[in-house]
Amino acid sequence: MKSFEIARLFEQMADALELQGGNPFRVRAYRRAAQNLETLSEDVEVLARAGRLEEIPGIGADLAGKIDEYLRTGHIAEIETSCRRVPRGVMEMLAVPGIGPKTARQLYEREGVTSVAQLERLAAAGKLRGRHGIQARTEQNIVRGVQLLRRGQARMQLGRALPLGRDLVRALEDVRGVKTVMLAGSLRRMKETVGDIDVLAASSEPAAIIKAFTGLRQVAEVLERGTTKAAIRHREGIQVDLRVVDPESMGAALAYFTGSKQHNIRLREMAVKRGLKISEYGVFRGRGSQRIAGASEEEVYAAVGLPWIPPELRENTGEIEAAQARRLPALVTLDDVRGDLHCHTDATDGHHSIEALVAAAASRGYAYVAVTDHSRATRVAGGLDIDELRAHVGRIRAVARRHPRIAVLAGSECDILPDGRLDYPDEVLAELDLVIASVHTRFKQPKREMTRRICTALANPHVHILGHPTGRLLGERDPYALDLDEVLRAAKRHGKALEINAYPDRLDLCDTHARRARDLGVLLALGTDTHMLDHLGYMELGVATARRGWVGASQIVNTWPLEKLRSWRQPAG
DNA sequence: GCCGTTTTCGGCCCGACTGTTTTCAGTCG
39 MKSFEIARLF EQMADALELQ GGNPFRVRAY RRAAQNLETL SEDVEVLARA
89 GRLEEIPGIG ADLAGKIDEY LRTGHIAEIE TSCRRVPRGV MEMLAVPGIG
139 PKTARQLYER EGVTSVAQLE RLAAAGKLRG RHGIQARTEQ NIVRGVQLLR
189 RGQARMQLGR ALPLGRDLVR ALEDVRGVKT VMLAGSLRRM KETVGDIDVL
239 AASSEPAAII KAFTGLRQVA EVLERGTTKA AIRHREGIQV DLRVVDPESM
289 GAALAYFTGS KQHNIRLREM AVKRGLKISE YGVFRGRGSQ RIAGASEEEV
339 YAAVGLPWIP PELRENTGEI EAAQARRLPA LVTLDDVRGD LHCHTDATDG
389 HHSIEALVAA AASRGYAYVA VTDHSRATRV AGGLDIDELR AHVGRIRAVA
439 RRHPRIAVLA GSECDILPDG RLDYPDEVLA ELDLVIASVH TRFKQPKREM
489 TRRICTALAN PHVHILGHPT GRLLGERDPY ALDLDEVLRA AKRHGKALEI
539 NAYPDRLDLC DTHARRARDL GVLLALGTDT HMLDHLGYME LGVATARRGW
589 VGASQIVNTW PLEKLRSWRQ PAG
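In terms of the working numbering, the first sequence has 112 at position 74, counting the first letter as 1, and numbering is strictly consecutive.
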């Protein structure tokens, strides 16, 4: 992914400039450009060839030139020069919580500190105190910050953070004087991973709730405790920030605290142009303190002439412009989903029977559910050979007869072999109601081979859905090399759906890929990859990913009524 | 370095907490 490589270089440039005391607005320009490159849904190389780089927000003539230079030569001369002026170790010091550019620069220039390890040694030995406003307390914080960094400031998966956040919300809702408690931040925006959990409470008695919060049994350590704000480290390791506001400011605070930062900056800029000021306390006219809005988010957006924008879209990737034009997409909701199309049972590596799965799906109110166990090539998962599959299908049909209120589709998650053939012959696939084709082997194939392998599978008339299309595992395995645009075009051509696999480790397609699929008009399918009954609940993560990709219900096959789904699976002629 | 319904130059979001300082700079979100 070239755009990620360039984004990383721009981030490095911003760090280097900051450490050299460069123009802070120039620093910000690099960071903004980096962020927009990371969330790009189109291929940066394609944009460059078409001379459309300057259409990316935050990219002007200069940065477009630098992107071109990188794509041509593999490096950017000016950035390399600038980064060489500061030792790598000094750049790394910025990752220590509490160490910013000013401190890092002082430590480097005045004390000759050039690495995180050296910084830790000096702080632990008490050799920094009495210099540049550092005392014993700051030394302690540095040592602790370095340890925190070492333990891995790895971000937590959405699927893990969400229950932790909801548990805290429940605990705080019982505190006396609390009106409302809500999750905010990247968790409310449903990003695939979060760095911390943000909780916002409306209360006229902030002291009581701060006290209750810092005393919760979930707290491992109190990091910060003010009058309206506190921060703790959760027993599960993640940091939790609580902010308490007056109920009349709840909307403004929610907007502010939900972010993203870039989205907020855009809102505030729009406010300034209208002679208004937006803060977490409300919307104010002029420099006076006349509050004109703030109790609800709708009011805040209305103050700058916008309709309310769903949190999942608030990344400053076009949602402000869409809102201005009154063209915000109608996003899919959990209620739109009529069935789960990717479920395993104990016939392979699932932990429950067909019967239990169907009963659980029915109790969720689904109109249909697909049983899609592994095919024979996935030996580690106990994949079924042809005879076993036929027997399995027989059992599925028998269970289905006992559950007339829910349609049970007998399917398979069938391996795509390295040459693009499916793991079962066509005549066997033809006996199934639904076929998900997935790659589970030979991840390291070169890009062209992998792309051809998947496009060949999509051309098979018995295949309906491409399972977890890029194979990535969050924090564990990179996506396989793949020309996604070519796969999307193949799916479009053959009328096939790409899965948004809702399993928390996968979320594959991811949000930006889902958005690309949306833009190209490719069908999508939500599946939880359920292996235990609780996993059916992951559907909300898949829905969230689709929403972050601007996807509406009509493009997702399992929001369709059963009849429409059936006719899509068996195209006429 | 970007950007334009006041601007092609002169702006560029806003506030809390900490640790140190006696009124604020640095960091963070």
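C-beta: ideal position from N, C-alpha, C; glycine also.
Because the structure is a prediction, the values reported are computed rather than measured.
In this model, W606 and L455 are separated by some 25 angstroms (Cα to Cα). The shortest C-alpha to C-alpha distance from R64 to any of D100, N596, Y339 and L545 is the one to D100. Judged by beta-carbon spacing, C381 lies beyond the 8 angstroms limit of T583, meaning their Cβ atoms are not closer than that value. When the five nearest sequence neighbours on each side are left out, the beta carbons in the same chain lying within less than 7 angstroms of the beta carbon of T597 are those of V370, D374, V375, R376 and A591, in order along the chain. A distance below 8 angstroms between beta-carbons, with the five flanking residues on each side excluded, links R480 to the following residues of its chain, in chain order: P456. Sequence-distant partners of L109 (beyond 5 residues in either direction) whose C-beta falls short of 7 angstroms from its own C-beta, in its chain, are K40, E83 and A86. Under the three-state reduction of DSSP, G377 is assigned to strand. Bounds of the beta strand (DSSP E) holding L447 are A445 to D453. When DSSP states are grouped into helix, strand and coil, G103 belongs to the helix group. Taking one beta carbon from each stretch, the stretch 543-556 and the stretch 490-500 have fewer than 3 pairs nearer than 8 angstroms; the two do not touch. The residue among I330, F295, S298 and R167 with its C-alpha nearest the C-alpha of A309 is I330. In the structure shown, N61 adopts coil according to DSSP, grouped into three states. Residue pairing of K267 in beta bridges, as defined by DSSP: R281. Checking the DSSP bridge columns, you'll see R515 partnered with L511.
Closest in C-alpha terms to L504, from the list G289, D106 and C452, comes C452.
In the DSSP assignment, L558 falls within the unbroken alpha helix (DSSP H) covering D549 to L558. Straight across, the Cα-Cα distance linking R486 with L160 is about 52 angstroms. Distance from the Cα of T416 is smallest, within the candidate group D387, R443 and A258, for D387. For K217, there is no enclosing alpha helix (DSSP H); the residue is found in the beta strand (DSSP E) stretching over V216 to A222. Here G356 carries a coil assignment [DSSP, helix/strand/coil]. The Cβ-Cβ distance between L280 and A240 does not fall below 8 angstroms. Within the same chain, S41, F42 and A45 come within 8 angstroms of E76 by CB-CB distance, once the 5 residues on both sides are set aside. Looking at the DSSP output, Q195 sits in a beta bridge with T231. With respect to L511, I538 sits apart: the two C-beta atoms are not nearer than 8 angstroms. Contact between the stretch 175-187 and the stretch 133-145 is present: 3 or more CB-CB pairs across the two stretches fall below 8 angstroms. The closest CA to that of L305, considering only P285, E337 and V409, is found on E337. When rounded, the separation of the alpha-carbon atoms in A360 and E601 is 34 angstroms. Unbroken alpha helix (DSSP H) stretches of 4 residues or longer found wholly inside the stretch 101-144: 115-122 and 126-131, given in chain order. Q328 is bridged by DSSP to R323.
Nearest to R433 by C-alpha distance, out of L395, R443 and G89, is L395. Per DSSP, the continuous beta strand (DSSP E) segment holding G565 begins and ends at L561 to G565. Nearest to H113 by alpha-carbon distance, out of G96, F48 and L91, is F48.
Cα atoms of R439 and G223: separation of roughly 46 angstroms, rounded to the nearest angstrom. Secondary structure note for A162: its alpha helix (DSSP H) is the uninterrupted segment V154 to A162.
Taking one beta carbon from each stretch, the stretch 247-254 and the stretch 266-279 have 3 or more pairs nearer than 8 angstroms; the two touch. DSSP, reduced to helix, strand and coil, places D572 within a helical segment of the structure shown.
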